[in-house]
Amino acid sequence: MASLYTYNLVSLASIYFVTCASPGPDFVNVTSLSLNARRNGVFAAAGVALGCFIWSTTAAFGLGFLTSKLPNLVHSVKLFGAIYLVYLGASLILASFMSRERTTASAPTRPGSVLNGWVSLRRGLITDLTNPTLLVFFGSLFAATLPSSSPLWVRCASIFTITFIAGSWHLALALFFSSRSTRSVYERLRRPVDVILGALLVLLAIRLVMLA
Numbered sequence: 279m280a281s282l283y284t285y286n287l288v289s290l291a292s293i294y295f296v297t298c299a300s301p302g303p304d305f306v307n308v309t310s311l312s313l314n315a316r317r318n319g320v321f322a323a324a325g326v327a328l329g330c331f332i333w334s335t336t337a338a339f340g341l342g343f344l345t346s347k348l349p350n351l352v353h354s355v356k357l358f359g360a361i362y363l364v365y366l367g368a369s370l371i372l373a374s375f376m377s378r379e380r381t382t383a384s385a386p387t388r389p390g391s392v393l394n395g396w397v398s399l400r401r402g403l404i405t406d407l408t409n410p411t412l413l414v415f416f417g418s419l420f421a422a423t424l425p426s427s428s429p430l431w432v433r434c435a436s437i438f439t440i441t442f443i444a445g446s447w448h449l450a451l452a453l454f455f456s457s458r459s460t461r462s463v464y465e466r467l468r469r470p471v472d473v474i475l476g477a478l479l480v481l482l483a484i485r486l487v488m489l490a
């Protein structure tokens with residue numbers, strides 16, 4: 279029986295890693311913050327990991343039951359998530375056009391560099407928790423890979439696995455995009471990069487709304 283549960287955990291980890299590595303709101307958010315400051319990106323990655331911990335814990339202990347009792351929950355999360363992504367995208371685009379004005383000041387600051395750890399962590403957490411695709415995905419993932427009779431240790435192991443993968447992957451993104459070589463390229467292309475990242479967030483919001 280233990281070998282069966284091990285197989286289930288490996289299956290869960292494999293499926294989740296492929297999904298986690300796919301570009302989405304978390305990817306764009308962590309990338310944009312990391313390009314401004316490593317600290318911002320690291321805390322945003324921690325926020326994503328915390329969000330995935332919450333999602334996986336809920337899924338491991340009855341997310342399907344929750345959504346069946348609250349049929350409008352997915353739609354509410356979708357609406358709030360779309361609004362939040364539009365807000366982040368528009369803020370990033372506006373900041374890119376304001377950066378030139380900042381450079382004329384005597385002590386310029388990078389857009390986003392003033393964010394403290396808590397703000398970055400909160401932004402990563404909210405972006406993750408307001409992604410309705412994760413609400414559906416985690417419910418389906420746990421239903422498909424973990425039997426309803428799975429013991430407590432298997433459920434806890436699955437939560438740890440999801441959280442570890444999410445934290446590790448997004449931390450790697452934060453470290454890569456905040457590296458000196460990556461940021462030196464970004465400094466030369468700040469405005470188009472910020473506009474593209476902001477537009478991606480807005481497009482992701484539109485996609486969320488259009489997906490029924």
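In my numbering, the protein residues as written are 279 to 490.
Cβ coordinates follow ideal geometry from the N, Cα and C atoms, glycine included.
Using a Cβ distance threshold of 7 Å, D406 and D304 count as a contacting pair.
Secondary structure note for F442: its alpha helix (DSSP H) is the uninterrupted segment L430 to F455.
Per DSSP, P470 is one residue of the alpha helix (DSSP H) stretching across R468 to M488. Between L287 and A422, the C-beta spacing is not below 7 Å. Boundaries of the alpha helix (DSSP H) around S398: G395 to L407. Between S312 and F455, the C-beta spacing is below 7 Å.
The Cβ atoms of G367 and L479 sit closer than 7 Å to each other. The closest CA to that of W447, considering only N409, T297 and T284, is found on T297. Classified as buried, T309 has 16 or more neighbouring CB atoms from the shown chains inside 10 Å of its CB. Per the coordinates, the alpha-carbon of Y283 lies some 15 Å from the alpha-carbon of I440.
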